[in-house]
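Novice: Here it is: the structure, laid out below.
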Amino acid sequence: LGLPSGEPLSHYAECAGLQTPAAVEAARARYGSNDFSIPRPAFSELLQEHATAPFFVFQMLCVLLWCLDDYWYYSVFTLLMLLLFECTVIKSRLRNVDELSELATPASAVLARRCGKWERLSSTDLLPGDLVALARTPANRLLGQPVDTIVPADVLLLHGSLALNESALTGESTPQLKEPLPSLGLPPSTRLNLAEHRACVALGGTKLLQHSAGTQPRSQQPPGGGAVGVVLRTGFHSSQGKLMRTILFATERVNGSDRETLLFILFLLAFAIAAAGHVLSVGLADPARSRYKLALHCMMIVTSVVPPELPMELSLAVNHSLLALHRRDIFCTEPFRIPFAGKVQLCCFDKTGTLTSGKLAVARVLHWAGGVSEEALLRAAGSAERGSEHPIARALTAHAQLREVGTVEPTDFVAAAGQGLQCLVDGRAVLLGNRSWMGENGLFLTAEQEGEVAALERRGHTVVFVA
158 LGLPSGEPLS
168 HYAECAGLQT
178 PAAVEAARAR
188 YGSNDFSIPR
198 PAFSELLQEH
208 ATAPFFVFQM
218 LCVLLWCLDD
228 YWYYSVFTLL
238 MLLLFECTVI
248 KSRLRNVDEL
258 SELATPASAV
268 LARRCGKWER
278 LSSTDLLPGD
288 LVALARTPAN
298 RLLGQPVDTI
308 VPADVLLLHG
318 SLALNESALT
328 GESTPQLKEP
338 LPSLGLPPST
348 RLNLAEHRAC
358 VALGGTKLLQ
368 HSAGTQPRSQ
378 QPPGGGAVGV
388 VLRTGFHSSQ
398 GKLMRTILFA
408 TERVNGSDRE
418 TLLFILFLLA
428 FAIAAAGHVL
438 SVGLADPARS
448 RYKLALHCMM
458 IVTSVVPPEL
468 PMELSLAVNH
478 SLLALHRRDI
488 FCTEPFRIPF
498 AGKVQLCCFD
508 KTGTLTSGKL
518 AVARVLHWAG
528 GVSEEALLRA
538 AGSAERGSEH
548 PIARALTAHA
558 QLREVGTVEP
568 TDFVAAAGQG
578 LQCLVDGRAV
588 LLGNRSWMGE
598 NGLFLTAEQE
608 GEVAALERRG
618 HTVVFVA
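Just add 157 to wherever you are in the sequence shown, counting from 1, and you've got our numbering.
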């Protein structure tokens with residue numbers, strides 16, 4: 158498509174966005190809209206695809222052979238199981254497509270400079286070559302909660318700086334700082350390389366945590382401020398789109414034992430051919446034996462090497478293994494690898510940032526106060542942390558909203574860095590913080606409470622005390 162992602166740096170430094178309506182229409186016709194619309198195939202289309210697969214045709218041939226030998230009940234039952242199994246697989250595929258569609262970044266409002274002026278567009282209308290302003294959405298005043306701001310496309314930063322959470326794409330939960338292109342100090346003739354100049358590229362689908370406006374000319378200053386950059390890639394051509402294409406059209410499969418499987422089938426086939434040859438020779442020696450039945454039985458012996466129920470048997474075995482793992486709190490994201498687990502000799506554990514989003518959540522509430530209800534305790538904690546940007550504070554306020562206990566604006570607020578805070582909520586004094594902060598204010602845990610807290614900390618939980 159000739160995306161503008163490898164031009165000289167001078168090309169981007171002089172970029173002023175799409176200047177004419179004709180240029181906008183030409184870019185739209187060339188690159189399409191900035192969305193992730195995934196066509197949902199019809200059930201009948203997938204059923205036809207599965208029904209024409211070679212192995213399913215082989216299964217139908219086996220069922221037909223059993224029918225010709227008057228095994229009607231067995232044949233009909235096998236046919237129904239095969240159809241039910243294929244329908245289950247199709248429903249699973251459709252559910253995966255629906256879940257993948259939900260991962261796409263929803264449309265949002267964005268400022269873009271077109272035809273010499275800034276205008277507010279939908280993120281789905283962004284095109285490569287657009288000049289856009291990236292700014293963090295202010296917190297919701299009614300809820301007191303910040304609103305997630307998602308970068309709508311791959312953007313090369315020209316002015317200003319950004320702090321991004323790239324965990325959705327890279328698994329790295331540590332915020333990444335993005336600096337403007339001039340900060341690299343490279344010659345203008347240098348061509349942009351997304352891998353080498355990654356520090357200046359805001360990837361689509363990442364979460365915008367902070368922004369600062371740059372020193373761009375007044376004519377390019379966006380209304381309300383914000384970092385300015387040029388759109389490089391949109392839609393399925395962006396980094397997020399590439400990840401979604403990988404998930405949607407992944408063809409990687411475990412094929413390490415294909416050779417062993419082939420040798421095993423050939424081993425069984427040799428015995429099957431020998432048995433069929435013996436039956437054929439004995440049958441031909443008997444003039445009273447039906448030649449039709451003889452040929453039918455010989456074909457059934459050969460085809461029985463791979464029984465038609467094999468896929469269902471493998472699926473049931475894998476599902477049983479998944480349940481056994483789940484009972485031991487072990488989760489498998491690629492079940493088709495389970496049959497090869499017997500060959501595992503080493504286990505490598507990655508850091509938790511790859512498996513978690515880096516967003517804290519309240520896991521449990523221990524209520525020791527006899528005269529205060531748990532709802533009142535959550536209301537006090539959520540109100541005390543209202544408006545704070547700290548991850549633990551955001552987790553507490555989000556849990557208070559989830560429990561619908563309501564929050565109010567605290568008064569007489571005093572914070573102690575690294576320890577906790579104290580304030581008034583509904584006219585009552587509230588202390589919130591770590592163990593040492595409670596101790597400084599004359600509050601100590603009993604031996605039983607210390608045991609409960611220690612058990613939580615051994616499991617990796619962060620314990621916050623509220624009084």
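Glycine is no exception: its CB is placed at the ideal position from the N, C-alpha and C atoms. Computed from a predicted model, the values in this text were never measured in an experiment.
From what residue to what residue does the alpha helix (DSSP H) around valine 562 run?
Specialist: Unbroken run through valine 562: none, as it is neither H nor E.
Novice: Which of helix, strand or coil does DSSP assign to serine 530?
Specialist: In the structure shown, serine 530 sits in coil (DSSP, three-state: anything other than H, G, I, E or B).
Novice: Verify whether the separation of the beta carbon atoms of threonine 391 and valine 308 is less than 7 Å.
Specialist: No, the Cβ-Cβ distance between threonine 391 and valine 308 is not below 7 Å.
Novice: Going by Cα to Cα distance, which pick from Pro285, Ala208, Ala431 is closest to leucine 239?
Specialist: Among Pro285, Ala208, Ala431, the Cα nearest to that of leucine 239 is on Ala208.
Novice: Residue range of the alpha helix (DSSP H) that alanine 325 falls in?
Specialist: Looking at the DSSP string, the run of the alpha helix (DSSP H) that includes alanine 325 is 324–327.
Novice: Do you know how far the Cα of cysteine 489 is from the Cα of serine 318?
Specialist: Cα to Cα, serine 318 sits roughly 39 Å from cysteine 489.
Novice: Report the residue ranges of all alpha helix (DSSP H) runs contained in full by the stretch 233–303; include only those spanning at least 4 residues, in chain order.
Specialist: With a minimum length of 4 residues, no continuous alpha helix (DSSP H) run stays inside the stretch 233–303.
Novice: Looking at C-alpha atoms only, which residue of Thr554, Val587, Leu315, Gln576 is the closest neighbour of threonine 568?
Specialist: Checked all of Thr554, Val587, Leu315, Gln576; the closest Cα to threonine 568 is Val587.
Novice: Buried or exposed for glutamate 243, going by 16 or more other Cβ atoms inside 10 Å?
Specialist: Glutamate 243 is buried by the Cβ-count criterion.
Novice: Closest to asparagine 476 by C-alpha separation, out of Val254, Phe493, Pro464, would be which residue?
Specialist: The shortest Cα separation from asparagine 476 among Val254, Phe493, Pro464 belongs to Phe493.
Novice: For threonine 262, count neighbouring C-beta atoms within 10 Å of its own C-beta (all shown protein chains included) and say buried if the count is 16 or more, exposed if not.
Specialist: Buried is the call here.
Novice: Just to confirm before moving on: does the CB-CB distance between arginine 185 and leucine 315 stay below 7 Å?
Specialist: No, these two residues do not count as a Cβ contact at 7 Å.
Novice: Going by Cα to Cα distance, which pick from Val462, Glu353, Arg375, Ile404 is closest to cysteine 166?
Specialist: One detail in the question is off: residue 166 reads as leucine in this sequence, not cysteine. It is Glu353 whose Cα lies nearest to the Cα of leucine 166.
Novice: Tell me which residue opens and which closes the beta strand (DSSP E) that histidine 618 is part of.
Specialist: Note, histidine 618: premise wrong, no beta strand (DSSP E); not H, not E.
Novice: Taking the alpha-carbon positions, what's the glycine 301 to glycine 617 distance?
Specialist: Interpretation of glycine 301 is limited by its pLDDT of 47, a score under 50 that renders its predicted location unreliable; no figure is taken from the coordinates.
Novice: For glycine 382, which residues of its own chain have a beta-carbon under 7 Å away from its beta-carbon, when the five flanking residues on both sides are left out?
Specialist: Only Ala292, Ala370 meet the Cβ criterion.
Novice: Output the distance between the C-alpha atoms of valine 627 and glycine 590, rounded to the nearest integer angstrom.
Specialist: Beyond the ends of the chain as shown, which are 158 and 624, falls residue 627; an answer cannot be given.
Novice: Near glycine 440, what residues of its chain come up, given a Cβ to Cβ distance below 7 Å and the 5 sequence neighbours on each side ignored?
Specialist: Answer for glycine 440: Arg446, Leu451, listed in chain order.
Novice: Could you check whether the stretch 171–189 touches the stretch 223–238, counting it as contact only if at least three pairs of C-beta atoms, one from each stretch, sit closer than 8 Å?
Specialist: Counting Cβ pairs under 8 Å, fewer than three are found: no touch.
Novice: Compare the beta carbon distance of alanine 518 and leucine 535 with 7 Å and say whether it is the shorter of the two.
Specialist: No, Cβ-Cβ distance for alanine 518 and leucine 535 is not below 7 Å.
Novice: Just to confirm before moving on: does the CB-CB distance between alanine 433 and valine 462 stay below 7 Å?
Specialist: Cβ atoms of alanine 433 and valine 462: not closer than 7 Å.
Novice: Between the stretch 220–232 and the stretch 266–282, do at least 3 Cβ pairs fall closer than 8 Å?
Specialist: With a cut-off of 8 Å, the stretch 266–282 and the stretch 220–232 do not count as touching, because too few Cβ pairs lie within range.
Novice: Between the beta-carbon of valine 312 and the beta-carbon of valine 388, is there less than 7 Å?
Specialist: Taking 7 Å as the Cβ cut-off, valine 312 and valine 388 qualify as a contacting pair.
Novice: Could you please give the first and the last residue of the uninterrupted alpha helix (DSSP H) stretch that includes cysteine 219?
Specialist: Per DSSP, cysteine 219 belongs to the alpha helix (DSSP H) from 211–225.
Novice: Can you tell me the Cα-Cα spacing of alanine 552 and proline 211, whole angstroms?
Specialist: Each residue's alpha carbon lies about 52 Å from the other.
Novice: Rounded to a whole number of angstroms, what is the C-alpha to C-alpha distance between threonine 327 and methionine 217?
Specialist: Roughly 45 Å between the two C-alpha positions.
Novice: Counting along the chain, where does the beta strand (DSSP E) carrying glycine 590 start and finish?
Specialist: Note, glycine 590: beta strand (DSSP E), 585–590.
Novice: Can you list, in chain order, the residues of its chain whose CB lies under 6 Å from that of serine 478, leaving out five sequence neighbours each side?
Specialist: Contacts found: Ile495.
Novice: Can you tell me where the alpha helix (DSSP H) with lysine 399 in it begins and where it stops?
Specialist: First-last of the alpha helix (DSSP H) with lysine 399: 396–405.
Novice: Closest to serine 258 by C-alpha separation, out of Val181, Gln606, Arg197, Leu559, would be which residue?
Specialist: Taking only the C-alpha atoms, the option nearest serine 258 is Arg197.
Novice: Taking DSSP as the reference, what is the three-state secondary structure of phenylalanine 193?
Specialist: Phenylalanine 193 falls in the coil class under three-state DSSP.
Novice: Once DSSP output is grouped into helix, strand and coil, what is the label at threonine 347?
Specialist: Looking at threonine 347 - three-state DSSP - the assignment turns out to be coil, as it is neither helix nor strand.
Novice: Tell me where the beta strand (DSSP E) around valine 312 begins and ends.
Specialist: Looking at the DSSP string, the run of the beta strand (DSSP E) that includes valine 312 is 311–316.
Novice: Drop a sphere of 10 angstroms on the beta-carbon of arginine 485, count the other beta-carbons inside from all chains shown, and report buried for 16 or more, exposed for fewer.
Specialist: The residue is exposed, with fewer than 16 neighbouring Cβ atoms inside 10 Å.
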